[in-house]
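Peer 1: Chains as they are written, first to last, in the working numbering: chain A, 570 to 685; chain B, -16 to 93. By construction, the Cβ of each residue, glycine as well, lies at the ideal position given by its N, Cα and C atoms. Take a look at this one; I'll ask things after.
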Amino acid sequence: DTAVSQTPKYLVTQMGNDKSIKCEQNLGHDTMYWYKQDSKKFLKIMFSYNNKELIINETVPNRFSPKSPDKAHLNLHINSLELGDSAVYFCASSPRGGGVDTGELFFGEGSRLTVL
Amino acid sequence: EDKVVQSPLSLVVHEGDTVTLNCSYEVTNFRSLLWYKQEKKAPTFLFMLTSSGIEKKSGRLSSILDKKELSSILNITATQTGDSAIYLCASLQGAQKLVFGQGTRLTINP
Chain A
570 DTAVSQTPKY LVTQMGNDKS IKCEQNLGHD TMYWYKQDSK KFLKIMFSYN NKELIINETV
630 PNRFSPKSPD KAHLNLHINS LELGDSAVYF CASSPRGGGV DTGELFFGEG SRLTVL
Chain B
-16 EDKVVQSPLS LVVHEGDTVT LNCSYEVTNF RSLLWYKQEK KAPTFLFMLT SSGIEKKSGR
44 LSSILDKKEL SSILNITATQ TGDSAIYLCA SLQGAQKLVF GQGTRLTINP
């Protein structure tokens, strides 16, 4: 059973298109995240949701919009894709509501987005 | 600006060697320092360090935090090819935010 699952795993698209990445966790965690890992392997937080409520919103262009229909799902929609959006996007969840108290993030396997 | 810096960026050693990976942090509202291992896909959790000077150990891996120096090291003894991965250090800031370093790519040659 996959704990944090993301779809699609690979996405190749043209500049200007709109795309979505879905994430689901079956761990019963309250907190979910989106991270972006660039070509240099830098992993940067984009968003954090706690029980469907937006907690962290880093300096991310408005073209990125997260949506959490329930606490087990956190989707990422990207409008007007640009070349610089090419990266691996990781979804993650953490066990304690409101805090990463154990320090343990459970990551999905990543969604590799390539914008041509 | 909050930052976490790891060194070296890349390290190639032979099986059986011992390696030390470094991490320094400069963040506001620091809570803990974490280490992750990333092989092909998702990073997996290794250690969380909150108190200075207390070593955490898991098999051949160990790690320690120095809050005075704002740094941490990750040691791997008797390395094996399966230890080849990117090792990520992250600082837990406030309630939920992890600030990651750029990672150290470790390659273990047979």
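(1) If we require 3 or more residues per run, which beta strand (DSSP E) segments fall completely within the segment 597 to 685 of chain A?
(2) Straight-line CA distance for A:S617 to B:T3?
(3) Taking C-beta to C-beta, are A:K591 and A:E678 nearer than 8 Å?
(4) Taking contact to mean 3 or more Cβ pairs, one atom from each stretch, closer than 8 Å, check whether the segment 592 to 600 of chain A and the segment 639 to 647 of chain A are in contact.
(5) Across which residues does DSSP place B:R43 in a beta bridge pair?
(6) With DSSP run on the structure shown, which of helix, strand or coil describes B:T1?
(7) Does the segment 604 to 621 of chain A come within contact of the segment 77 to 91 of chain B, defined as at least 3 CB pairs closer than 8 Å?
(8) Report the rounded CA-to-CA distance for B:G77 versus B:S7, giving the unit in angstroms.
(9) What residue from A:G585, A:L596, A:S655 and A:Y604 has the CA that sits closest to A:A572's CA?
(10) Name the two residues that bound the continuous beta strand (DSSP E) containing B:A68.
(11) Thinking C-alpha only, which one of B:T1, B:E(-2) and B:K23 is nearest A:V657?
(12) Mapping DSSP to helix, strand and coil, what is A:T576?
(13) Have a look at A:D587 and B:Q79 and give me their C-alpha separation to the nearest angstrom.
(14) Beta-carbon of A:I614 versus every beta-carbon of chain B: anything under 8 Å?
(15) Check for me: the beta strand (DSSP E) holding B:Q21 runs from which residue to which?
(16) Can you confirm whether B:I69, when its beta carbon is compared against all beta carbons of chain A, has any partner nearer than 8 Å?
(17) When we look at the beta-carbon of B:Q63 and count the other beta-carbons within 10 Å, is it buried (16 or more) or exposed?
(18) When DSSP labels each residue in this structure, what does B:T62 get in the three-state scheme?
(19) Are B:N103 and B:I56 closer than 8 Å when you measure CB to CB?
(20) According to DSSP, simplified to helix, strand and coil, what is B:P26?
Peer 2: Taking the definition as stated:
(1) For the segment 597 to 685 of chain A, whole beta strand (DSSP E) runs of length 3 or above, ordered along the chain, are 600 to 606, 612 to 619, 622 to 626, 633 to 639, 642 to 647, 656 to 663 and 680 to 684.
(2) C-alpha separation (whole angstroms): 32 Å.
(3) Using a Cβ distance threshold of 8 Å, A:K591 and A:E678 do not count as a contacting pair.
(4) With the cut-off at 8 Å, the segment 592 to 600 of chain A and the segment 639 to 647 of chain A touch.
(5) Checking the DSSP bridge columns, you'll see B:R43 has no partner listed.
(6) In this structure, B:T1 counts as coil in the three-state DSSP scheme.
(7) The segment 604 to 621 of chain A and the segment 77 to 91 of chain B touch, with no fewer than 3 CB-CB distances between them shorter than 8 Å.
(8) A direct Cα-to-Cα measurement between B:G77 and B:S7 gives close to 18 Å.
(9) Ranking A:G585, A:L596, A:S655 and A:Y604 by Cα distance to A:A572 puts A:L596 first.
(10) B:A68 -> beta strand (DSSP E) spans A68 to Q76.
(11) For A:V657, the nearest C-alpha among the options comes from B:K23.
(12) DSSP places A:T576 in strand when its eight states are reduced to three.
(13) Each residue's Cα considered, the two are about 29 Å apart.
(14) So yes, A:I614 belongs to the interface.
(15) Residues F13 to Q21.
(16) Taking Cβ atoms only, chain A reaches closer than 8 Å to B:I69, which makes this a yes.
(17) Taking a 10 Å sphere around the C-beta of B:Q63, we find fewer than 16 other C-beta atoms and assign the residue as exposed.
(18) Here B:T62 sits in coil by DSSP.
(19) Absent from the model: residue 103 of chain B. The displayed extent of chain B is -16 to 93, so no value can be given.
(20) Correct three-state label for B:P26: strand.
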